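Colleague: For the sequence shown, the working numbering gives the first residue as 951, with consecutive numbering after it.
Just so it is clear, CB atoms sit at the ideal spot from N, CA and C, and this is done for glycine as well.
Being a predicted model, the structure only gives us computed values, none of them experimental.
Starting off with a structure, shown below.
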Amino acid sequence: MRPGELIFDGVEKNYKIRGMRSNRQETLKGLLFGRRQPKMPARDYPALKKIDFSVRPGEVVALIGPNGAGKSTLLKLAGGILKPTRGQVLREGRLTALIELGAGFHPEITGRENVVINGMLLGLSRKEVEARMEKIIDFAQIGDFIDFPVKTYSSGMYVRLGFSVAVAVEPDIMLIDEVLAVGDEAFTIRCMDHLARMRRRGVSMILVTHDLDLAAAFADRAVYLNDGLLQDDGPADSVVARYRSDVAGDLHDDVDARAPIRVIEEGRRWGNGEVEILSVEFRSGGRPARLIPSGEDCEIVINYRCHSPQRDFVFGIAWHSEDGTLIAGHNTDLDGLQTASLEGEGVVRCSYPEAPLAPGLYEIDIAVHTADGLAYDYWCRAASLKITAPVGLPGFWAPPHRWTSSGKIWK
């Protein structure tokens, strides 16, 4: 294994639920003279069931799902706080967990002394902690309070110092559990910037969050858990869309009898099928195309069938690079198109006068869903397109451009 790598191999985690006595002694007399009833037998509660996934070095993975899905249990297994009931968790490299910031601080000693103790608990030597002390204090922005007992700190100061110590360890793997939801806005912005810089240095991260926009924007991949089961694992924006669709479906089920969400192809396609995407193709120059020179015109043609008339519908497209990185995304709602009625079969087109993409393979997700996210048909990697160019170019964007200078410096 390489530093920063983390593997879950057939992991299950059960908790013991201790049984209560079959009745309670409600009065002092009953407690003193009543017959004690035997406890109900303990039983196992499966918090995680056969979890298989891995995090590559330098990869950021978001864990999403409803409360009680098993996200925090998975994070604690990753950090070695808990041991799996079955299976194994393998990790390589120094690990830091941003779960309960400052949980190990002693209230009676100073912030500076707590920094030394916590830094050593996280794997640094005393000399290493002291060498990083000023950087930790500067980031925490608590001023002279660093030499005051921690019990005098506000909750914001407590969190800032805890975060500063945790990130100063310079780990290979970082576990983050909703810590960005605490603290003031300025602190959150600074935290995000620091985490982004760590990401660029190749630190692997697992992020537990209920902020789906953050998950889609910050993570390379997302893992969707529900009831201890891994429901989906893939590009962050696609998995977030799947989760949002499931949530929207649950909300609609409470008020009407819409068709339930069904998985058409595991990890690639899902929806309730009221509107069906029949086919997707690229066209260029008025003809079908799978290979287009960079900068040429491009059109995506979506053929659909509507099984029942709909007035609430949105068509959307997400562009991805070959490695799953989100390149662009747009939909008819964001672009201001007002819906009238969708019936029978038809065609929707999205045209690009030019495709200024660097050479490479690109894939698109196509979706039709309600305005609040309920998927009629969400199709990941529905079609692919190869972009060519006379020379190889880095990155994804290859806009038309020209160079000029104040003098004649080129032939």
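Spatial neighbours of V1010 within its chain, please: C-beta separation below 7 angstroms, excluding the five flanking residues on both sides.
Modeller: The count along the sequence shown starts at 1 and reaches residue 1010 at position 60. Excluding residues within five positions, the ones whose Cβ falls inside 7 angstroms are R1149, M1155, L1157, F1168, A1169, D1170.
Colleague: Among residues of its own chain, excluding the 5 on either side of C1256, which ones have a beta-carbon nearer than 7 angstroms to its beta-carbon?
Modeller: By one-based count along the sequence shown, residue 1256 stands at place 306. Result list for C1256: V1225, L1292, E1293, G1294, in chain order.
Colleague: Flag this pair as touching only if the stretch 1054 to 1074 and the stretch 1021 to 1033 have three or more C-beta atom pairs under 8 angstroms; answer yes or no.
Modeller: no
Colleague: Could you give the DSSP three-state label for E1063: helix, strand or coil?
Modeller: Residue mapping note: residue 1063 aligns to position 113 of the sequence shown, counting from 1. DSSP places E1063 within a helical segment (H, G or I) once states are collapsed to three.
Colleague: Return the residue from the list L1180, H1270, G1342 that minimises the CA-CA distance to F1003.
Modeller: Against the sequence shown, residue 1003 aligns to sequence position 53. Here the closest residue by C-alpha is L1180.
Colleague: Roughly how many angstroms separate the alpha carbons of E955 and H1351, rounded to a whole number?
Modeller: Taking the first residue of the sequence shown as 1, we reach residue 955 at position 5. Taking the first residue of the sequence shown as 1, we reach residue 1351 at position 401. If you take the alpha carbons of E955 and H1351, they lie about 40 angstroms apart.
Colleague: Applying the 10 Å Cβ sphere with the 16-neighbour rule, what's the burial state of A1146?
Modeller: For the purposes of this step, residue 1146 is taken as residue 196 along the sequence shown, with counting starting at 1. Exposed is the call here.
Colleague: By alpha-carbon positions, which one of L1027, N964, R1041, P996 ends up nearest to I957?
Modeller: The count along the sequence shown starts at 1 and reaches residue 957 at position 7. Answer by Cα proximity: R1041.
Colleague: Return the CA-CA distance between K1358 and V1153, expressed in angstroms with no decimal places.
Modeller: Along the sequence shown, one-based indexing puts residue 1358 at 408. Along the sequence shown, one-based indexing puts residue 1153 at 203. If you take the alpha carbons of K1358 and V1153, they lie about 45 angstroms apart.
Colleague: So, is Y995 buried or exposed, given that buried needs 16 or more other C-beta atoms within 10 angstroms?
Modeller: The count along the sequence shown starts at 1 and reaches residue 995 at position 45. Exposed, since its Cβ has fewer than 16 Cβ neighbours within 10 Å.
Colleague: Can you give the beta carbon distance from E1231 to P1238, rounded, assuming they're within the 8 angstroms contact cut?
Modeller: In the sequence shown, the residue the question calls residue 1231 occupies position 281. In the sequence shown, the residue the question calls residue 1238 occupies position 288. Rounded, the Cβ-Cβ distance is 6 angstroms, consistent with contact.
Colleague: Could you tell me the alpha carbon to alpha carbon distance between R1212 and R993, rounded to whole angstroms?
Modeller: As a first step, residue 1212 is located in the sequence shown; it is residue number 262 there, counting from the start. As a first step, residue 993 is located in the sequence shown; it is residue number 43 there, counting from the start. Approximately 32 angstroms between the Cα atoms of the pair.
Colleague: Which value, in whole angstroms, describes the spacing of the CA atoms of I1316 and F1113?
Modeller: As a first step, residue 1316 must be located in the sequence shown, where it is residue number 366. As a first step, residue 1113 must be located in the sequence shown, where it is residue number 163. Between the C-alpha atoms of I1316 and F1113 there is a straight-line separation of about 39 angstroms.
Colleague: So C1330 and S1188 are in contact, right, with Cβ under 8 angstroms, and what is the actual spacing, rounded?
Modeller: As a first step, residue 1330 must be located in the sequence shown, where it is residue number 380. As a first step, residue 1188 must be located in the sequence shown, where it is residue number 238. Sure, about 5 angstroms apart at Cβ, within 8 angstroms.
Colleague: Kindly identify the DSSP beta-bridge partner or partners of I1092.
Modeller: Counting from one through the sequence shown, the residue named residue 1092 turns up at place 142. Its beta-bridge partners do not exist; DSSP assigns none.
Colleague: By the DSSP assignment, the alpha helix (DSSP H) with Y1108 in it spans what residues?
Modeller: If you number the sequence shown from 1, residue 1108 lands on position 158. Note, Y1108: alpha helix (DSSP H), 1105 to 1118.
Colleague: Does the separation of the CB atoms of D1183 and R1192 fall below 7 angstroms?
Modeller: For the purposes of this step, residue 1183 is taken as the residue at position 233 of the sequence shown. For the purposes of this step, residue 1192 is taken as the residue at position 242 of the sequence shown. Not in contact: D1183 and R1192 (Cβ atoms no closer than 7 angstroms).
Colleague: Is the beta carbon of G1037 less than 7 angstroms from the beta carbon of D1161?
Modeller: Locating residue 1037 in the sequence shown gives position 87, counting from the first residue. Locating residue 1161 in the sequence shown gives position 211, counting from the first residue. Cβ atoms of G1037 and D1161: not closer than 7 angstroms.
Colleague: Note the first and the last residue of the continuous beta strand (DSSP E) segment covering H1144.
Modeller: Taking the first residue of the sequence shown as 1, we reach residue 1144 at position 194. Looking at the DSSP string, H1144 is not in any beta strand (DSSP E); the run it does join, the alpha helix (DSSP H), is 1135 to 1150.
Colleague: With DSSP as the reference, please indicate the residues paired to T1275 in a beta bridge.
Modeller: Position 325 of the sequence shown, counting from 1, holds the residue named residue 1275. The beta-bridge partner set that DSSP reports for T1275 is empty.
Colleague: To the nearest angstrom, how far is it from the Cα of A1116 to the Cα of G1217?
Modeller: Indexing the sequence shown from 1 puts residue 1116 at position 166. Indexing the sequence shown from 1 puts residue 1217 at position 267. Their Cα atoms are separated by approximately 35 angstroms.
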